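Below is one structure, written out as structure tokens; the observations come after it.
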Amino acid sequence: MRLVIFALCFGLALSIGAQSEEKAVQNGFALLEALIQKDGDKAFSLMDTSVRSKISPADLSSLWRQVELGLQLGNYLDTQGYLYESPSLYIGLLFAKGPIDLKVSFAPDGGIIGFFFEAPTDKTPYRIPEYADTSLFTELSFTLQSGKYALPGKLCVPKGKGPFPLVILSHGSGPNGMDEKMGPNRIFRDLAYGLASQGIAVYRFHKRTYVYGLESAENSDELTVKEEYLDDLYAAIDTLDLFPQINSTRLYLMGHSLGALLAPRVALGSGKLRGIIMAAAPVQPLDSLVLYQMEYLDALDSSGTYYRALNDTREEIAYLRSPEFSLESESNWLPLQLNAHYWMDILNYHAVDSLKKYPGYALVLQADDDYQVPFGEYVRWQNELKKRKKTYYASFPGLGHGFFPSKGLKGPAQYDHYAPVSEEMIVRVVRFVRKEAD
């Protein structure tokens with residue numbers, strides 16, 4: 145998992161006008177106070193009428209616990225000022241483990257139409273890794289149309305005579321943008337530039353939940369990975385294989401974390417992929433992995449920051465695994481407060497079985513210092529797939545979940561420093577696309 149948070153995205157893609165900074169600050173801080181106090185009724189009263197049908201007071205009451213649990217930042221300590229850039233207000237929040245921004249967007253009359261918890265605004269320019277040569281490829285803006293959803297993206301196409309093999313990038317959990325930011329690092333942009341410099345076209349795009357929030361499904365209470373991942377990845381495959389610069393017989397999907405777990409499912413559903421690349425892919429059930437992460441963080445931090453969250457997680461997983469769990473179960477009873485349809489879908493999916501049925505090539509990648517998808521998962525893949533042909537493996541010492549150097553740090557601190565994605569990992573992907581998958 146990139147960060148164990150899935151459902152904190154309530155932004156809506158609306159065109160809204162300016163309104164006074166004073167009113168925005170007043171309503172934004174009122175929302176923050178209501179969330180901290182778990183006063184769902186107060187928070188609901190601040191919502192614009194256009195979004196009230198998409199969220200309930202009960203959802204808002206349980207949200208703050210999701211922040212403390214899912215973002216792995218520990219207890220809330222204080223605010224760190226604010227910035228108003230119409231139509232949004234950014235409130236800096238300080239937690240025991242680091243800062244985060246609450247971004248609040250407003251309708252013209254001051255009602256709140258959406259809010260996100262996101263990394264603090266980082267104005268540091270992107271650094272092109274030394275292994276990337278931007279003179280060797282062209283980066284094109286390309287918006288993917290997936291049903292009624294328009295998802296902005298970038299297509300990197302090598303220069304020279306094509307057609308070229310194509311790698312489509314699939315995000316980890318949470319509402320990720322096309323670059324899949326992790327701290328000051330841009331994982332997918334590094335991958336795109338590194339692979340395109342080696343003659344491989346790459347497409348990356350904003351995840352639907354990043355652009356549309358609660359509007360990502362017809363009924364937000366029934367959103368599953370179909371809406372979060374599958375529909376848009378199928379659309380990308382079906383659209384891009386028609387491009388004259390793309391070799392339609394050499395299409396690959398590279399998933400990271402939850403995106404890697406779902407890659408075999410996409411491959412079976414599409415039938416057009418020559419191979420899949422699974423980076424930091426878990427094998428054990430998602431709820432078990434969430435519990436492992438919480439136990440790891442609790443053991444790492446002797447202050448007891450994660451003690452309550454760990455106990456809550458244990459109770460939620462016990463309920464999820466009990467006969468009482470059904471599609472009627474409330475999300476605030478379930479791990480990460482994901483809805484019952486999401487959990488039912490995930491628990492009924494078996495990645496190993498799907499990969500065994502997939503006839504194409506597979507490359508499993510693992511970072512040895514990954515604390516979110518630990519090394520044991522990599523060993524499980526190897527043990528489960530001993531008889532599967534066309535399967536390749538590679539692990540990388542000294543790298544964390546984002547496949548950049550962990551610098552010997554433990555837990556979320558691994559993500560605080562800048563480092564490009566490992567060149568060694570990119571070279572391994574290039575070899576797979578050029579040689580093994582033949």
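The opening position of the sequence shown corresponds to residue 145 in the numbering used here, with each subsequent residue numbered one higher.
Here a beta-carbon is modelled for each residue, glycine too, at the ideal position from N, C-alpha and C.
Just so it is clear, the structure is predicted and the values come from calculations on it, not from any experiment.
Which residue comes first and which comes last in the alpha helix (DSSP H) that contains residue i?
i, result
"A276", "Neither: A276 is in no alpha helix (DSSP H) and is coded neither H nor E."
"S498", "A495 to K501"
"E521", "F519 to E528"
"L397", "No alpha helix (DSSP H) holds L397; the beta strand (DSSP E) holding it covers I390 to H400."
"R348", "Looking at the DSSP string, R348 is not in any alpha helix (DSSP H); the run it does join, the beta strand (DSSP E), is A345 to F349."
"A484", "A484 to L491"
Among the options, whose alpha-carbon lies nearest the alpha-carbon of residue i?
i, options, result
"P564", "Y293, L384 and R333", "R333"
"K534", "D514, Y515 and K500", "K500"
"G318", "T353, E580 and T393", "T353"
"K186", "H350, F173 and D445", "F173"
"S285", "H350, L386, P479 and W208", "H350"
"S290", "V355, N492, P302 and Y493", "V355"
"K370", "Y493, T287 and I390", "Y493"
"D323", "F308, F239 and Y347", "Y347"
"S498", "L406, Y486 and H561", "L406"
"L377", "G403, V517, E359 and L491", "G403"
"L570", "S205, L295 and A336", "The sequence given here places Ile at residue 570; Leu does not occur at that position. Here the closest residue by C-alpha is A336."
Residue i: buried (16+ other C-beta within 10 angstroms of its C-beta) or exposed?
i, result
"Y502", "buried"
"I344", "buried"
"G357", "buried"
"K267", "Bear in mind that a pLDDT of 42 at K267, under 50, signals an unreliable position, so the number given afterwards is only what the model happens to contain. It counts as exposed."
"N483", "buried"
"N363", "exposed"
"A506", "buried"
"Q210", "buried"
"N527", "exposed"
"A462", "exposed"
"G225", "exposed"
"D513", "buried"
"R572", "buried"
"I180", "exposed"
"S279", "exposed"
"S341", "buried"
"N320", "buried"
"P541", "exposed"
"F470", "According to the sequence shown, residue 470 is Ser rather than Phe. The residue is exposed, with fewer than 16 neighbouring Cβ atoms inside 10 Å."
"E262", "buried"
Under 8 Å between the Cβ atoms of residue i and residue j?
i, j, result
"P273", "G338", "yes"
"Y234", "R330", "no"
"V508", "Y396", "no"
"A538", "P408", "no"
"G413", "G504", "no"
"A168", "G254", "yes"
"I256", "L190", "yes"
"A424", "H545", "yes"
"F259", "K247", "yes"
"K551", "H561", "yes"
"L207", "Y220", "no"
Can you give me the start and stop residues for the beta strand (DSSP E) that residue i sits inside?
i, result
"E359", "Per DSSP, E359 belongs to no beta strand (DSSP E) and is neither H nor E."
"M422", "G419 to A423"
"Q510", "Y505 to A511"
"Y228", "Y220 to E229"
"S232", "S232 to F239"
"T535", "T535 to F540"
Can we count residue i as close to the ligand PLP, meaning its CB is less than 7 Å from some heavy atom?
i, result
"S566", "For the ligand PLP, the structure offers nothing, since it holds no ligand at all."
**Report entry** Inter-stretch contact (C-beta, 8 Å, three-pair minimum) for the segment 440 to 456 and the segment 521 to 534
**Finding:** The segment 440 to 456 makes no contact with the segment 521 to 534; the number of CB pairs closer than 8 Å stays below 3.
Query raised in the report: Is the segment 432 to 439 close to the segment 448 to 466, with three or more CB pairs under 8 Å?
Result: Yes, the segment 432 to 439 touches the segment 448 to 466.
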